[in-house]
Amino acid sequence: MNVKITRNAAKVIKKTMELEGNSELKLRVAITHAHGDHAHYGLDLDTPKETDVVISTDKDIDVILDPNQPLLDGVKIDYLYFPEEGFVITNPSKGNHGDH
Numbered sequence: 001m002n003v004k005i006t007r008n009a010a011k012v013i014k015k016t017m018e019l020e021g022n023s024e025l026k027l028r029v030a031i032t033h034a035h036g037d038h039a040h041y042g043l044d045l046d047t048p049k050e051t052d053v054v055i056s057t058d059k060d061i062d063v064i065l066d067p068n069q070p071l072l073d074g075v076k077i078d079y080l081y082f083p084e085e086g087f088v089i090t091n092p093s094k095g096n097h098g099d100h
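Just so you know, UniProt numbering puts 4 at position 4 of the sequence shown, and the rest follows in order with no gaps.
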């Protein structure tokens, strides 16, 4: 499985992970809603479960994924400042380039 985190997203994620009580946690990407070949994604800090897979990224952030969710393979996590500030999670490898 593969995960891409942009530089902007990595900065925000690392700040959150450095907060007290978060040092042992990893970033979880989950599907909050799926329909057909399209999914909506969510982020959380969590500890891996036995059935999870942990992916190391080039931004030194470990990401927890459910290997039974094919729409998680290839997700891209970005953080935008315009038009609204916040995370944008897409999966270009599965044809998901943003919310509709």
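Here a beta-carbon is modelled for each residue, glycine too, at the ideal position from N, C-alpha and C.
Sheet register partners of residue i (DSSP bridge)
i: A30; result: G42
i: S56; result: D62
i: K4; result: K76
Residue i vs residue j beta-carbon contact at 8 Å
i: T47; j: I5; result: no
i: I61; j: I13; result: yes
Within-8 Å CB hit, residue i to chain B
i: D60; result: The question asks about chain B, but that chain is absent: this structure has only one protein chain.
Cβ-heavy atom distance, residue i to the ligand ZN, below 7 Å
i: L19; result: The ligand ZN is absent from the structure shown, which contains no ligands of any kind.
Terminal residues of the alpha helix (DSSP H) in which residue i lies
i: I13; result: 7-17
Range covered by the beta strand (DSSP E) that runs through residue i
i: F87; result: 86-90
i: L80; result: 75-80
query = So does the segment 32-43 actually touch the segment 69-80, counting three or more Cβ pairs closer than 8 Å?
reply = Yes: the two stretches touch, three or more of their Cβ pairs being nearer than 8 Å.
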